[in-house]
Each structure stands twice: as C-alpha cells, then as structure tokens.
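Peer 1: All residue numbers for the sequence shown refer to our numbering, where the first residue is 19 and numbers rise by one. Note that the Cβ used here is the ideal one computed from N, Cα and C, for glycine as well. Dumping the structure here so I can ask a few things about it.
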Amino acid sequence: MKTKEKTGTLKLLEIAALLFLAAFLASGAMALQTGQELSDKVVRLHVLAHSDSEEDQALKQKVRDRILACAEPLLTGAADRREAEALLRGRLPELERMAAEEIRANGYDYAVTVELEDTVFPTREYEGFTLPAGKYLALRTIIGEGAGQNWWCVVFPPLCAAASAEVPETALAAGLSSAQVGLITEEDQGYVLKSKLVEFWRGLEAKLD
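Following this line, the structure appears as structure tokens:
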C-alpha cells in the first residue's frame, strides 16, 4: 500500500513539474513577444563617450544635445518606427557632421561615427517610463574610442523629451498600443513580472546564440 502511495505521489509531483515547466516556457514566449513588439516600435539613442574623464563626459552631453536638437524636429512627423528609421538614415551624414563640429568647437579632435544599428540594452528606467531588456534599433554616436560611460534614451517616440505626464500620449501617437503603453509606464499591474521575464529570457537567448 505504501509503495502505491509513494508511486502516486511521485506521479503527481512529475505532473506538477511538467505543468510548471510548460507555464514557464509559455511565459517566456509571451515575454519575448512583448519585448519584440516594443522594440519594433522604438528607436533608442546611444551616445558613447571617449572615456570616463570629466571632460569627455561633459563633451558627451554636448554632443548628445546637438544630436537631439536635429533628430527630434526631424522625427516630429514620423508615423511609426519605419518612417523614423528612413528619416534618420537619410540624415546620418549630416548628424555625423554636426557631432564632429560640436567636438571641434569644444577643442577636441576625436573621430566620431553616427550610425543606426541593432543594439542589446538591459532594462532601463527613465522618468515616467521603463523599457524592458532587448534588442532595439539605436541611433549610436561613438566619440573617439567610445570607452567611457554612455548615455541611453529614446529618440522615437521622443519619450525622453516628454514630461512624465505626456509619455502615454506621446507613445500612443507613435503607434504603441494601449497595452504596451501600460507596460512601459507601469500602469500594467503585471509590469514588474513581465519586465523581469523579458530580461531573463533575453539574457538566456544571448547565452545560447
């Protein structure tokens, strides 16, 4: 009798473990889909300083401001990420020239490159919103060796330029769904769990590549 009871208990444990694994895999698939849907609608801004010296970090901020001053008005009329990408690609030489001018104006002769490139980002909190980890199209400005601390934000939609209260409206206007806006602004009550799942699965995905 005891042997049968033990066998039955083991089978129940096996079934429970299989159900847990199935739920875990399903949550991972949903988390990755959520992250992918967000990344398909966003263009990040990534500015890499030459070094961590105080002077190079200050220069990074000035170059960032110069890039934003050109990119944000350019993207005002973009209806979605595809249009934003096309507009930026058409102006990459100009953006690079402006970055080089800013560097020279501040007394440096660092080389600089401005490019659009898929880039992996960790989960990042900003004022009024948070973006989960994932691979995003990024407008990357690399100053000199690009070895210093870098600056991340979002150039499309222009969420970093928006006040916290304006983030939902700005995101919706750029094509994000109500559910996605709720996720990044943490109005979705499952936000923390979903964000952590996206980060976990993205990390696992990177290790398996």
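Compare the C-beta of K80 with all C-beta atoms of chain D and state if any pair is closer than 8 Å.
Peer 2: Judged by its chain identifiers, the structure shown contains no chain D, having just a single protein chain.
Peer 1: State yes or no: is the C-beta of R99 within less than 8 Å of the C-beta of V61?
Peer 2: Sequence index remark: in the sequence shown, residue 99 carries index 81 (1-based). Sequence index remark: in the sequence shown, residue 61 carries index 43 (1-based). Contact: yes.
Peer 1: Please classify G95: is it buried, with 16 or more other beta-carbons within 10 angstroms of its beta-carbon, or exposed?
Peer 2: Taking the sequence shown and counting its residues from 1, one reaches residue 95 at position 77. It is exposed - the Cβ of G95 has fewer than 16 other Cβ atoms within 10 Å.
Peer 1: Secondary structure at R158, three-state DSSP: helix, strand or coil?
Peer 2: The residue given as residue 158 occupies position 140 in the sequence shown. Reduced to three states, the DSSP call for R158 is strand.
Peer 1: Quick check on D74: buried or exposed, where buried means 16 or more other Cβ atoms within 10 Å of its Cβ?
Peer 2: Locating residue 74 in the sequence shown gives position 56, counting from the first residue. Buried: at least 16 other Cβ atoms inside 10 Å.
Peer 1: Curious, which full-length beta strand (DSSP E) runs of at least 3 residues does the stretch 84-158 contain?
Peer 2: Counting only runs of 3 or more, we get 130-139, 142-144, 147-149.
Peer 1: Which residue marks the beginning of the alpha helix (DSSP H) containing V199, and which one marks its end?
Peer 2: Here residue 199 corresponds to residue number 181 of the sequence shown, with the count starting at 1. Element bounds for V199: 196-202.
Peer 1: For my contact list, V81 and T141 are in at a C-beta cut-off of 8 Å; report their separation, rounded to the angstrom.
Peer 2: To locate residue 81, count along the sequence shown from 1; it is residue 63. To locate residue 141, count along the sequence shown from 1; it is residue 123. Actually they are not in contact, since the Cβ atoms of V81 and T141 sit about 25 Å apart, beyond 8 Å.
Peer 1: According to DSSP, simplified to helix, strand and coil, what is V172?
Peer 2: As a first step, residue 172 must be located in the sequence shown, where it is residue number 154. Strand.
Peer 1: Between L59 and L194, which are expected to be in contact by the criterion C-beta below 8 Å, what is the C-beta distance as a whole number of angstroms?
Peer 2: For the purposes of this step, residue 59 is taken as residue 41 along the sequence shown, with counting starting at 1. For the purposes of this step, residue 194 is taken as residue 176 along the sequence shown, with counting starting at 1. Note on residue identity: the sequence assigns Lys, not Leu, to residue 59. Confirmed, Cβ separation roughly 5 Å.
Peer 1: Below 8 Å on the Cβ atoms is my contact criterion, and I expect A156 with T137 to pass it. Report the Cβ-Cβ distance as a whole number of Å.
Peer 2: Position 138 of the sequence shown holds residue 156. Position 119 of the sequence shown holds residue 137. With a Cβ gap of about 4 Å, A156 and T137 count as contacting.
Peer 1: If I measure Cβ to Cβ from C88 and keep anything under 8 Å in the same chain, skipping five residues before and after, which residues do I get?
Peer 2: By one-based count along the sequence shown, residue 88 stands at place 70. The answer, listed in chain order, is R109, E112, L113, M116.
Peer 1: Do G146 and S182 have their CB atoms nearer than 8 Å?
Peer 2: For this step, residue 146 is matched to residue 128 along the sequence shown. For this step, residue 182 is matched to residue 164 along the sequence shown. Against a cut-off of 8 Å, the Cβ pair of S182 and G146 comes out as a contact.
Peer 1: Which residue from Y126, D83, E135 puts its Cα closest to that of A104?
Peer 2: Sequence index remark: in the sequence shown, residue 104 carries index 86 (1-based). Out of Y126, D83, E135, E135 has the C-alpha closest to the C-alpha of A104.
Peer 1: So, D70 versus Q198, is the Cβ gap smaller than 8 Å?
Peer 2: The sequence position of residue 70 within the sequence shown is 52, counting from 1. The sequence position of residue 198 within the sequence shown is 180, counting from 1. Not in contact: D70 and Q198 (Cβ atoms no closer than 8 Å).
Peer 1: Check the DSSP bridge columns for R62 and list the partner residues they point to.
Peer 2: For the purposes of this step, residue 62 is taken as the residue at position 44 of the sequence shown. Paired residue(s): A156, V172.
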